[in-house]
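Protein sequence lines, in the order shown, are assigned to chains R and U. Numbered according to my numbering, the first sequence spans residues 1 to 215. Numbered according to my numbering, the second sequence spans residues 1001 to 1010. For every residue, glycine included, the Cβ atom is placed at its ideal position computed from N, Cα and C. As structure tokens, the structure follows; a few thoughts come after it.
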Amino acid sequence: MNVFRLTGDMTHLASILVLLLKIYATKSCSGISLKTQELYALVFLARYLNLFTDFISVYNTVMKLVFIGSSLAIVWCMRMHKMVKRSYDQELDTFRHYFLIAGCFLLALLVNEKFMFPEVLWAFSIYLEAVSTIPQLVLLQRSGNVDNLTGQYVFLLGAYRALYILNWIYRYFTEPHFSRWIACVAGLVQTALYADFFYYYFLSWKNNAKLQLPS
Amino acid sequence: EVESPPKDEL
């Protein structure tokens, strides 16, 4: 475990905490895409099936359980909780995420490390994570205004991806057999998707102004 | 064939 990986994981965890805080404190999920949250829940469920087959470390197991649990809790809140549900921007969150799921599954069948059920599922989760932020970014783009906590949430998610890239570069040079090219290529795509958001995030930070995305 | 290392990332 290197410092980039650990900071990346902590940033990922922080992003989820910020989202839970927003939902819990304001009883509102405005600006948050339910589609993206559902995709994340699917990503974690598909990838962490190995929870039952290979043990890596206590840290690894605990983090996996936290990610699965929190993503399911967020989806549950947005669908079932009376007050939270009311604030959901349903008419802005219209991205057809089923196409993403189908496309990623097809790609995972074609491009994987080994044509075996757990490997195909792993590749599927990697591809799906890379694109699962698209409905969220589309929703923000459509609404234009981004409230403070939602902005921090998306920023932390993007930062987590950027730190993972540094982690791969570090591991590539320090470990003899480290070549996770599927994860690296998908990770690069995922981070690139945030580039536009980052640009406006830094602009608003520099000008000390409210974060606004051009429509 | 080199066995691929366990997938230890989250």
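Subject >> Inter-residue spacing [alpha-carbon to alpha-carbon] between arginine 171/R and phenylalanine 52/R >> reply: 26 angstroms
Original post:
Counting contacts by CB-CB distance shorter than 9 angstroms, is alanine 183/R in contact with chain U?
Top reply: yes
Original post:
Just the Cα atoms here: how many angstroms apart are valine 138/R and alanine 46/R?
Top reply: 24 angstroms
**OP:** Mark asparagine 167/R as exposed unless 16 or more other C-beta atoms lie within 10 angstroms of its C-beta, in which case mark it buried.
**Re:** buried
**OP:** Determine which residues share a DSSP beta bridge with glutamine 212/R and list them.
**Re:** Asn145/R
Original post:
Mind pulling the chain U residues with CB within less than 7 angstroms of histidine 81/R?
Top reply: Ordered by position in chain U, no residue passes the 7 angstroms Cβ test against histidine 81/R, which lies about 27 angstroms from the chain.
**OP:** Compare the C-beta of tyrosine 164/R with all C-beta atoms of chain U and state if any pair is closer than 9 angstroms.
**Re:** yes
Original post:
Does any C-beta atom of chain U lie closer than 9 angstroms to the C-beta of lysine 64/R?
Top reply: yes
Subject >> Boundaries of the alpha helix (DSSP H) in which glutamine 37/R is found, first to last residue >> reply: 34-47
Subject >> DSSP state of threonine 61/R mapped onto helix, strand, coil >> reply: helix
**OP:** Note down, in chain order, each residue of its chain lying with its Cβ closer than 8 angstroms to the Cβ of phenylalanine 55/R, except the 5 sequence neighbours on either side.
**Re:** Thr61
**OP:** For histidine 97/R, count neighbouring Cβ atoms within 10 angstroms of its own Cβ and tell me buried if that reaches 16, exposed if not.
**Re:** buried
**OP:** Sort Val120/R, Thr174/R, Ile126/R by Cα distance to leucine 1010/U and report the nearest one.
**Re:** Ile126/R
Original post:
Whose C-beta lies closer than 8 angstroms to the C-beta of leucine 156/R among residues of the same chain, with five residues either side of it excluded?
Top reply: Thr11, His12, Ala14, Ser15, Val18
**OP:** Evaluate glutamine 90/R with the Cβ neighbour count: other Cβ atoms within 10 Å of its Cβ, from every protein chain shown; 16 or more gives buried, anything less gives exposed.
**Re:** exposed
Original post:
Is the CB of isoleucine 16/R under 9 angstroms away from at least one CB in chain U?
Top reply: no
Subject >> Coarse secondary structure for serine 28/R, derived from DSSP in three states >> reply: coil
**OP:** Identify, in the order they occur along the chain, each residue of the same chain with its Cβ nearer than 6 angstroms to the Cβ of alanine 186/R, setting aside the five sequence neighbours on each side.
**Re:** Ile126, Tyr127, Ala130
**OP:** Could you check the C-alpha separation between asparagine 112/R and glutamine 152/R for me, to the nearest Å?
**Re:** 34 angstroms
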